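In this note's numbering, the protein residues as written are 10 to 193.
All C-beta atoms in this analysis are idealised placements derived from N, C-alpha and C, irrespective of residue type, glycine included.
As the structure is a computational prediction, the values presented were derived from the model and not from experiment.
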Amino acid sequence: MRDVTGRWSSAAGRAAGALALASGFAYLAYLLPIEGRDRAIMAWNLLIIPTTLYLGGRMASRGRVLAAASMAAGVAAALLWAIAYDSPGLEPWWIGLAAGWWVGVGWLLRTANRPLARLTLLLGLATTVDFVLTALNVPWPIYALGGFKIPLTIVWTFWIGLSIVRDPRWGEGFAALPTDACVR
10 MRDVTGRWSS
20 AAGRAAGALA
30 LASGFAYLAY
40 LLPIEGRDRA
50 IMAWNLLIIP
60 TTLYLGGRMA
70 SRGRVLAAAS
80 MAAGVAAALL
90 WAIAYDSPGL
100 EPWWIGLAAG
110 WWVGVGWLLR
120 TANRPLARLT
130 LLLGLATTVD
140 FVLTALNVPW
150 PIYALGGFKI
160 PLTIVWTFWI
170 GLSIVRDPRW
180 GEGFAALPTD
190 ACVR
């Protein structure tokens, strides 16, 4: 039975990694001056949700509450951003939730993958700055400081995707996936 669970874990990892990579390409497409940019940002957000769920399951042993809260914030941020990207009143919400997600994930990664943890925490900090600037509705020259999260997000999305694709059972040392406990 363990072999079936191991194969499921590898398949889930490959899927989560591949979807993160697809998400990164969708984000890049959003930055291009092409038609359909709204669909690209929607795709970026929807495609990152499986990776968010995968990371939450993998990192639960490092802190169940933080992993669950980060995962919930990540999923909520992605869903809000995907469906309400053109609603300025909701923008601070998805940015704030994304900041919480990345800070939580960065903290959980700190002993497992220091370079990725540092990037994730930096992304969380940049997103927190964007959240504050957006919530305060600051004028344009200052508001541009919130844009630092964009290149960091792209780098993070590709880095996490490649990490998981290269080792589909990435994070095995973090925790077993929830279905592993049912099999034992």
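Residue i - DSSP class collapsed to helix/strand/coil
| i | result |
| --- | --- |
| ALA121 | coil |
| TYR152 | helix |
| ASP139 | helix |
| MET80 | helix |
| ASP47 | helix |
| SER96 | coil |
| PRO160 | helix |
| LEU41 | coil |
| GLY72 | coil |
Nonlocal neighbours in the same chain, by C-beta distance under 6 Å from residue i, ignoring five residues either side
| i | result |
| --- | --- |
| ILE169 | ALA29 |
Close-in-space but distant-in-sequence residues of the same chain around residue i (CB under 8 Å, 5 per side omitted)
| i | result |
| --- | --- |
| TYR39 | ARG46, ALA49, ILE50, TRP53 |
Expected contact under 8 Å - CB spacing of residue i and residue j to nearest Å
| i | j | result |
| --- | --- | --- |
| GLY115 | THR129 | 3 Å |
| GLY133 | VAL112 | 4 Å |
| LEU125 | LEU142 | Incorrect: roughly 26 Å between the Cβ atoms, too far for contact. |
| LEU62 | MET80 | 6 Å |
Residue i versus residue j: straight-line alpha-carbon distance, rounded
| i | j | result |
| --- | --- | --- |
| ALA77 | GLY65 | 6 Å |
| GLY176 | ARG71 | For the record, residue 176 in the displayed sequence is Asp; it is not Gly. Between ASP176 and ARG71, the C-alpha separation is close to 19 Å. |
| THR162 | PRO148 | 23 Å |
| VAL13 | PRO101 | Here VAL13 scores only 49 on pLDDT, less than 50, and its place in the model should not be relied on; the value that follows carries that caveat. Their backbone Cα atoms lie some 43 Å apart in a straight line. |
| GLU44 | THR120 | 42 Å |
| ALA27 | ALA21 | 10 Å |
| ALA91 | SER32 | 12 Å |
| SER172 | MET68 | 15 Å |
| LEU41 | ALA35 | 10 Å |
Short CB-CB distance (under 8 Å) between residue i and chain B
| i | result |
| --- | --- |
| SER32 | As a matter of chain content, chain B is missing from the structure shown, which is built from one protein chain. |
Neighbourhood of residue i by C-beta distance below 7 Å, restricted to the same chain and skipping five residues each side
| i | result |
| --- | --- |
| LEU99 | LEU89, ALA93 |
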